[in-house]
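Residue numbers (the numbering used here): 465 to 556.
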């Protein structure tokens, strides 16, 4: 599903204009991003949670030159689906 499809479906179900729905979606995603940038965790009951972690610094080897390099720490985002969401996806 694309952002435009989401706006269209939300607009139809919530009886709001597409412009209003687009603004709401943008605001929600911006707030989630701000929370994650600060190192926080975002949890949506029944869906799952997003959080950031920092990978450790490590030594890697370039496969072409065989030279060892230091790979710096990096922030990564993790998503953990809730049990309810997993059960919904796995229902037959």
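Glycine is no exception: its CB is placed at the ideal position from the N, C-alpha and C atoms.
{"Query": "Distance, residue 531 Cα to residue 467 Cα", "Result": "43 angstroms"}
{"Query": "Cβ separation of residue 538 and residue 515, assumed to be a contact under 8 angstroms, to the nearest whole Å", "Result": "So it is not a contact: roughly 15 angstroms between Cβ atoms."}
{"Query": "Beta-carbon proximity list for residue 511, same chain, < 7 angstroms, skipping 5 on both sides", "Result": "546 and 549"}
{"Query": "Those runs of the alpha helix (DSSP H) which lie wholly inside the region 475 to 504 and span at least 4 residues", "Result": "482 to 501"}
{"Query": "Those residues which DSSP pairs with residue 540 across a bridge", "Result": "517"}
{"Query": "DSSP three-state assignment for residue 552, whether helix, strand or coil", "Result": "helix"}
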